[in-house]
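See below for the structure under consideration.
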Amino acid sequence: MFSDEHVKNNPTGIDGQHQHHNSANNNMPAPSFGSTMENITVIKGRDASFTCVVLNIGPHRVAWIKADDKGILAMHDRVLTNNARLSVLHSDLHTWTLHIRDVHRSDRGVYMCQINSDPMLSQTASLEVVIPPDILNEEGGGEVLIPEGGMARLSCKARGFPQPRVTWRREDGQDIVIRSGSLQKQKVPIFEGEVLTFHKITRSEMGAYLCIASNNVPPSVSRRIVVNVHFYPIIQVHNQLVGGPLGSNITLDCMVEASPKPINYWARESGEIIIPNDKYRMEEIDVNTYTTRLRLHLRLSTSADEGGYKCCSKNSIGDSEGTITVYGKLYSTKRVEEEKPLSRWSDHDDDGGAEEPDTVDDADNTSLEMTTSSHYSYGKATHPGGGASSRRSNNNNNNVQSPTQNKMSIIRSSGTAVRLQRSYYHLVAITSFFLVVYTLL
């Protein structure tokens with residue numbers, strides 16, 4: 001008989017086992033347990049089984065009891081509870097099995113295998129139910145928008161058993177920047193905690209962040225949150241003066257930083273927007289999330305192609321532009337000699353010796369590029385408190401040396417100055433011609 005008083009007096013510790021022999025009946029061996037029941041840890045939703053091996057069962061019965069609430073679950077090979085997930089199996093005369101299908105969290109506890117001998121025998125084992133981590137959905141979805149210099153909080157709450165550990169890392173493998181109350185920066189590869197806070201966020205912190213929850217119960221889960229930092233376009237022009245001989249191909253280059261993604265285009269200094277065709281070819285190369293390299297490939301056909309070219313960028317925050325001046329290469333004295341063979345002229349040094357004028361080799365196939373100091377053009381914000389005007393002059397370096405023996409320095413910053421310079425060289429050539437004729441006479 002299985003009484004509540006007996007269940008109460010039986011210890012419920014793990015692997016507890018009590019065996020007593022019935023001295024009254026010396027003719028029949030007393031029942032005993034053939035092995036110890038094992039503790040079980042199972043993931044929620046899976047199946048669990050306890051096995052109880054009884055020797056010399058004789059006329060006695062085996063019962064299964066949930067020791068926590070003292071409820072009798074099954075007697076011998078019959079289930080006595082209304083729980084349809086429970087079943088019992090009796091095999092090979094000595095083995096009784098309690099099977100629990102689709103384990104719930106409420107199934108955890110201590111289970112007892114009991115023999116109704118006199119005195120009664122019992123042994124116990126525990127069932128632990130673990131739950132894989134799960135990340136709770138938060139409002140706002142998987143994207144956060146924030147202006148540069150602002151504050152943002154990423155929240156990631158997880159549940160499971162045991163309680164999951166929540167960590168953060170960047171999807172691109174870069175370190176996470178943590179700023180304390182004094183705004184001191186600390187870079188860490190992994191941040192632990194349910195809330196990741198950004199103070200005075202910068203564009204370099206833009207990107208995808210992964211919230212990872214784990215509790216040693218597979219599988220771990222993660223949530224991806226994209227942080228978008230918005231700011232108006234900033235344009236950097238490394239070479240503000242680019243040139244080459246007429247008939248050559250040249251490339252104009254500028255770097256644009258902007259978020260959200262801007263509209264980029266090229267225009268002439270007059271404001272005329274350049275359309276891609278046989279003469280113009282454009283490239284946009286993404287460097288990172290917010291940086292794009294813009295390139296304009298053009299053929300320097302005539303003097304009309306000289307002048308200013310603008311690299312332009314515009315987004316919902318503001319706009320910006322940078323200017324590059326294009327010039328055609330000057331005529332060399334070698335070209336003058338070929339066109340007018342009678343007008344040879346030369347410079348004379350102090351010793352009276354003739355010195356041939358310098359020339360540029362492969363003049364027709366050489367593209368000249370004048371490298372100046374880097375120039376940044378900051379966008380003009382469309383909101384109050386925006387950046388500086390985008391109409392900022394780019395003519396900071398306007399002294400360019402002639403390729404003819406460094407005898408003079410000609411200032412040029414536009415196509416008009418270049419044409420004046422060519423006229424000057426024609427005048428020098430004509431004057432030299434008349435000097436030679438006068439000397440011969």
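Heads up: the sequence shown at position 364 corresponds to 364 in full-length UniProt numbering, and the numbers run straight through without jumps. Cβ atoms here follow ideal geometry from the backbone N, Cα and C, with glycine treated the same way. All of these numbers come straight from a predicted model, not from anything done at the bench.
Setting aside the 5 residues that flank it on each side, T289 is surrounded in the same chain by M206, G207 and S259, each with a C-beta closer than 8 Å to its C-beta; the list follows chain order. DSSP, reduced to helix, strand and coil, places A304 within a helical segment of the structure shown. N215 and S155 have their C-alpha atoms spaced approximately 18 Å apart.
Cβ-Cβ distances below 7 Å link M75 to R61 and A63 in the same chain, with the five nearest sequence neighbours on each side left out; the list follows chain order. Collapsing the DSSP output to three states places D286 in a strand.
Counted as a single uninterrupted DSSP element, the beta strand (DSSP E) harbouring Q114 occupies residues G109 to I115. Taken atom to atom, the span from the alpha-carbon of S313 to that of L294 is near 10 Å. Between the segment 37-54 and the segment 98-114 there are three or more inter-stretch CB-CB distances shorter than 8 Å, so the stretches are counted as touching. Each residue's CA atom was taken as its position, placing W96 and V53 some 6 Å apart. In the displayed model, S204 falls within a helix according to three-state DSSP.
The segment 184-192 and the segment 129-148 do not touch, with fewer than three beta-carbon pairs separated by less than 8 Å. Burial of G160 is indicated by the presence of at least 16 other C-beta atoms within 10 angstroms of its C-beta. For D253, the pairing in a beta bridge is given by DSSP as R295. For R105, the three-state secondary structure derived from DSSP is helix. Distance check between T292 and each of R85, C254 and V217 places C254 closest, using alpha-carbon atoms only. With fewer than 16 other beta carbons inside 10 angstroms of its own, D134 counts as exposed. By the Cβ neighbour-count rule, D107 is buried, with 16 or more other Cβ atoms within 10 Å of its own. Between L210 and W168, the beta carbon gap of about 7 Å places them in contact (Cβ cut-off 8 Å). With a threshold of 16 other beta carbon atoms within 10 Å, S320 meets it and is buried.
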